[in-house]
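Quick notes on the structure that follows.
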Amino acid sequence: MKLRLYLRSGALVLASAMALLIVVWTSYGVAERVGLSSLGETTAHRIELYSSSLQSELKRNEHLPPVVALNKDVQALLAHPNDQGLREVVNEYLQIVSRRTGALAIYVMDTQGLTLASSNWDQPGSFVNMNFAYRPYFQQALVGQPGRFYGIGTVSREAGYYFAHGVKLANDVVGVVAVKVNLDRLDKTWQQPGEKILVADTNGVIFISSEPDWKFKTIAPLTQEARARLDSTRQYSEAGELSPAGFEAGRSFPDGSSIITVAERDAERPGKSVSTSYVVRRHPVPGTDWSVSVLTDIAAQRAFARISATVAALAVILLIVVLMYFLQRRRFVRDALVAKAALQKANDDLERKVELRTMDLSGANLLLQKEIAERTWAEKTLKETMNELVHAAKMAALGKIAAGITHELNQPLAALRTLSDNTIVFLARGQKEMVESNLEMIGHLAIYMGKITSSLKSFARKSLAEKRAVNIMSSITNASLLLEHIARERGTSIRVDPQCESVYAMCDSNRLEQVLVNLLSNALDAVTARESGLVEVRYFADAKWVTIEVHDNGEGISDEVAQHLFEPFFTTKEQGSGLGLGLAISADIIREFGGSVKTGDSDLGGAVFKVVLPLASVPEEAVLHA
Numbered sequence: 001m002k003l004r005l006y007l008r009s010g011a012l013v014l015a016s017a018m019a020l021l022i023v024v025w026t027s028y029g030v031a032e033r034v035g036l037s038s039l040g041e042t043t044a045h046r047i048e049l050y051s052s053s054l055q056s057e058l059k060r061n062e063h064l065p066p067v068v069a070l071n072k073d074v075q076a077l078l079a080h081p082n083d084q085g086l087r088e089v090v091n092e093y094l095q096i097v098s099r100r101t102g103a104l105a106i107y108v109m110d111t112q113g114l115t116l117a118s119s120n121w122d123q124p125g126s127f128v129n130m131n132f133a134y135r136p137y138f139q140q141a142l143v144g145q146p147g148r149f150y151g152i153g154t155v156s157r158e159a160g161y162y163f164a165h166g167v168k169l170a171n172d173v174v175g176v177v178a179v180k181v182n183l184d185r186l187d188k189t190w191q192q193p194g195e196k197i198l199v200a201d202t203n204g205v206i207f208i209s210s211e212p213d214w215k216f217k218t219i220a221p222l223t224q225e226a227r228a229r230l231d232s233t234r235q236y237s238e239a240g241e242l243s244p245a246g247f248e249a250g251r252s253f254p255d256g257s258s259i260i261t262v263a264e265r266d267a268e269r270p271g272k273s274v275s276t277s278y279v280v281r282r283h284p285v286p287g288t289d290w291s292v293s294v295l296t297d298i299a300a301q302r303a304f305a306r307i308s309a310t311v312a313a314l315a316v317i318l319l320i321v322v323l324m325y326f327l328q329r330r331r332f333v334r335d336a337l338v339a340k341a342a343l344q345k346a347n348d349d350l351e352r353k354v355e356l357r358t359m360d361l362s363g364a365n366l367l368l369q370k371e372i373a374e375r376t377w378a379e380k381t382l383k384e385t386m387n388e389l390v391h392a393a394k395m396a397a398l399g400k401i402a403a404g405i406t407h408e409l410n411q412p413l414a415a416l417r418t419l420s421d422n423t424i425v426f427l428a429r430g431q432k433e434m435v436e437s438n439l440e441m442i443g444h445l446a447i448y449m450g451k452i453t454s455s456l457k458s459f460a461r462k463s464l465a466e467k468r469a470v471n472i473m474s475s476i477t478n479a480s481l482l483l484e485h486i487a488r489e490r491g492t493s494i495r496v497d498p499q500c501e502s503v504y505a506m507c508d509s510n511r512l513e514q515v516l517v518n519l520l521s522n523a524l525d526a527v528t529a530r531e532s533g534l535v536e537v538r539y540f541a542d543a544k545w546v547t548i549e550v551h552d553n554g555e556g557i558s559d560e561v562a563q564h565l566f567e568p569f570f571t572t573k574e575q576g577s578g579l580g581l582g583l584a585i586s587a588d589i590i591r592e593f594g595g596s597v598k599t600g601d602s603d604l605g606g607a608v609f610k611v612v613l614p615l616a617s618v619p620e621e622a623v624l625h626a
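So for the sequence shown, our numbering puts the first residue at 1; every next one is plus one.
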C-alpha cells in the first residue's frame, strides 16, 4: 500500500515538473510571437510610408529632363555643338533651373556622351567636356528609354540619383539631358528610436541608411559577377571595398519578416562590440530594383516573453499546490461521503430525473425564444455588416491605388511649377508664343487634375445601395480613370469597346464602380507578366438584361480555381496581396441588384468576367439632355 502511495506521489511530482516546463516554454514562445506580430503590424504601415516617401522623392524630379529637352536653346546647341554663344546661353539656363529645383546638376550631352553644357559650368568640378558614355542612364536615354541610375559621381564624388531623357530632332535622338538629385536628406528624416532603416539595390549594396556605419556596405558578400557588373558602370567606384555589414540571418516568418543579429559598437565600452537582434521587414520600391528594410530592436519583446514565462510558471506552481491540497483533503472526506451518498442515492436519483425533465422543458422554451430574438438581430446585423464590409473593401481598393493617384497629381503639380517658372523667363524675353503655349498646357493640366480628384471623391463616398437607372458607360469611364495610372506604369492598356448605344442598368452607380474597379484591378494583375498586356471592357444589352464583360489576355483561370473563385478568403495571389474578399463582395453586390457574376475563357486568350444586371429604361433627364 505504501509502495503504491510512493509511486503515485513520484508520478505526480514528475508530471508537475513536465507540465511546468511545457507551460514555461509555451508561454515564452506565444508571448514572443504575439510581441513580434504586434511589432510587425506597426512596422508594416511605416515601411510603406518610407517606400512611398522615397518613391515621391524620385518622382519629384523625373519630369525635369523631358522639360529641359523641349528647350529650343538646348535643341539648337545639339544641332550646333561648336557654337560658343549657344553654350553660354544653355549653361546659364541650366544653372537657373538647377537652383530653382534643388538638383545637384543638370547637363546636356551629345550622342557620344560628351557634355556640351552643364549647370555647374562655373564650378571647380564642372561636367563640361566630361564624357559619361559608360553610364547606364546615358545608354538607356540614347535608345529612347527613360534613363534611371544611382551611383557615386566619378567627377564630383557625390552620391546621387540620375534621370536622363533623349533629345529628339526630326524623330532622331541628337543628345541626352541628365539630372542628378541628392537622396541623402532621407537619412536624417528616417531617424527613429529603436529602429533602423536602410535602402539596398538589387546587388545588396546599402546606399541609404539611418545608421552611418552601414552606408555603402553589403547585406551579404558580393559575388564575382556582381563586382564585375558594378566595376563596369563605376557605380560605387569611390565607396571603397563594399564589405559586408555583418548581418547574421536567423529565423524567418510566414509574413516575409525575419530575425537577424548585428554586431554593433558598444557605446558604454569603446573598442568593444555588442550583438543586437532585430526583426527585419522588407518592402520593394515600385519602379526600381531597390528594397526598403526596417530593422526593429526586439529586446523589449523578448523581455516581455521572459516576464510572461515567469508569471505562467508561478501560476502553474500555485495551481499545483492548490491541487495537492484538495487531493489530500479529498482523501479524508471521501469515506464519509460514500456512506452518506448511499443513503441519499435513491432519493437523489428520483429528484434529479424530475429536475432534469423540468429543466429540459424550460431550457427548450428559453432556447426557442432566444433563437427567435437572435435570428431577428442577426438579420439586421448582417445587413449592416454587409454595408460596412462593402465600404471596407472600397477603402482597401482606394488604399491600393492611393500611391498611384498621389503620383498622378505630383507629376502635373511639378510640371505646373516648371511651366510657370519657364513662363516667367519667356515673358521676360518677350517670347509671347512660348508664354501662350505654357499657359495652355497649365490649363490642360488643371482640367486633368480635376478629373482625377472628382473620380476619387465619387469612388470614396460611403453610400447605401439605392437602385436607380445608371449609365453603364459613365461607370466604366470612372472606374477606368482610377486605374489608368496602374495600367500605364505596367505598360498595359484598358480599352472600352461599347457594342451598343447608351445603356442604363437598375443598380447603384457607386457600388457598380466598386465592382468594376475590383474586376479591372484583377485583370491588370493577371496581365502583369505579359509584354503587351491588354484589358478590354465590353457591354451590350438585350430585352431584359445588361451584360458587362471584362476581358484580359493573361494566363486564364483553371477549372479547379474557377470552382472556388467567388468563395470568401479564397485567393490565388501571393501572401500579403489581399484577403480574397474582393470577388465574394462583388458577387454579393451584384446579387443584391438582382444580377449575377460569371467567369469563363476570353477570346483574347485569358479570362473574362461577366456582370449581368437588370435593364433599366432611359431616365427622363437623359432624354431631355440628349
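Built from N, CA and C at the ideal position, the CB exists for glycine as well.
Beta bridge counterpart(s) of residue i as assigned by DSSP
i, result
"Phe-247", "Val-262"
"Pro-284", "Ser-291"
"Phe-540", "Thr-547"
"His-165", "Val-177"
"Val-517", "DSSP output for Val-517 lists no bridge partner at all."
"Leu-198", "Ser-209 and Ser-293"
"Ile-557", "Beta-bridge pairing links Ile-557 to no other residue."
"Arg-352", "Paired residue(s): none; Arg-352 is not in a bridge."
"Lys-610", "Glu-549 and Lys-598"
"Arg-468", "Cys-507"
"Ile-317", "According to DSSP, which records beta bridges pairwise, Ile-317 is partnered with nothing at all."
Rounded straight-line distance, which links the Cα of residue j to that of residue i
i, j, result
"Val-496", "Glu-531", "20 Å"
"Lys-168", "Val-174", "6 Å"
"Glu-633", "Ile-585", "The first residue shown for the chain is 1 and the last is 626, placing residue 633 beyond what the model contains."
"Gly-113", "Ser-209", "32 Å"
"Ser-420", "Gly-160", "27 Å"
"Lys-628", "Ile-372", "With the chain represented from 1 up to 626, any question about residue 628 goes unanswered, as that position is not in the structure."
"Lys-215", "Ile-206", "6 Å"
"Val-179", "Ile-424", "22 Å"
"Arg-148", "His-63", "12 Å"
"Ile-317", "Asp-559", "57 Å"
"Leu-86", "Leu-230", "36 Å"
"Tyr-137", "Gly-153", "13 Å"
"Ala-19", "Gly-287", "54 Å"
"Thr-115", "Ser-53", "32 Å"
"Glu-248", "Ile-260", "5 Å"
"Ser-455", "Asp-172", "Caution is warranted here: a pLDDT of 49 is assigned to Ser-455, below 50, making its placement in the model unreliable, and the coordinate value is therefore given only provisionally. In a straight line, the C-alpha of Ser-455 is about 39 Å away from that of Asp-172."
"Leu-21", "Tyr-278", "27 Å"
"Ile-298", "Gly-256", "16 Å"
"Phe-609", "Thr-599", "4 Å"
CB contact flag (residue i, residue j, <9 Å)
i, j, result
"Val-597", "Val-527", "no"
"Leu-142", "Thr-111", "yes"
"Asn-471", "Tyr-504", "yes"
"Leu-78", "Glu-158", "no"
"Asp-525", "Ser-602", "no"
"Asp-184", "Tyr-150", "no"
"Ser-275", "Val-294", "no"
"Arg-468", "Ala-303", "no"
"Val-181", "Ala-69", "no"
Neighbour-count burial assignment, residue i, 16 or more Cβ in a 10 Å radius
i, result
"Pro-284", "exposed"
"Tyr-134", "exposed"
"Thr-218", "buried"
"His-45", "exposed"
"Tyr-325", "exposed"
"His-485", "buried"
"Leu-337", "exposed"
"Gly-204", "buried"
"Met-109", "buried"
"His-407", "With a pLDDT of 49 at His-407, under the threshold of 50, the predicted position of this residue should be treated as unreliable, though the coordinate-derived value follows. By the neighbour-count rule (16 or more Cβ atoms within 10 Å), His-407 is buried."
"Pro-244", "exposed"
"Ala-626", "Summary for Ala-626: the model assigns pLDDT 39, below 50, so the residue's position carries little reliability; its value from the coordinates is reported in the next sentence. Exposed, by the Cβ-count rule."
"Lys-196", "buried"
"Arg-8", "exposed"
"Gln-123", "exposed"
"Glu-549", "buried"
"Gln-307", "Here residue 307 is Ile; the residue named in the question, Gln, does not match the sequence. Exposed."
Neighbour flag for residue i against chain B, beta carbons, 9 Å
i, result
"Phe-216", "The question asks about chain B, but that chain is absent: this structure has only one protein chain."
What alpha helix (DSSP H) runs, 4 residues minimum, are completely inside the segment 35-90? DSSP assignment within the segment 35-90 yields the following whole alpha helix (DSSP H) runs of 4 residues or more, N-terminal first: 64-69 and 72-79.
What beta strand (DSSP E) runs, 3 residues minimum, are completely inside the segment 484-515? With a minimum length of 3 residues, the continuous beta strand (DSSP E) runs that stay inside the segment 484-515 are 493-498 and 504-507.
Beta strand (DSSP E) runs contained entirely in the segment 109-171, provided each spans 3 or more residues: Within the segment 109-171, the runs of beta strand (DSSP E) at least 3 residues long that lie entirely inside it are, in chain order, 115-118, 147-152 and 159-169.
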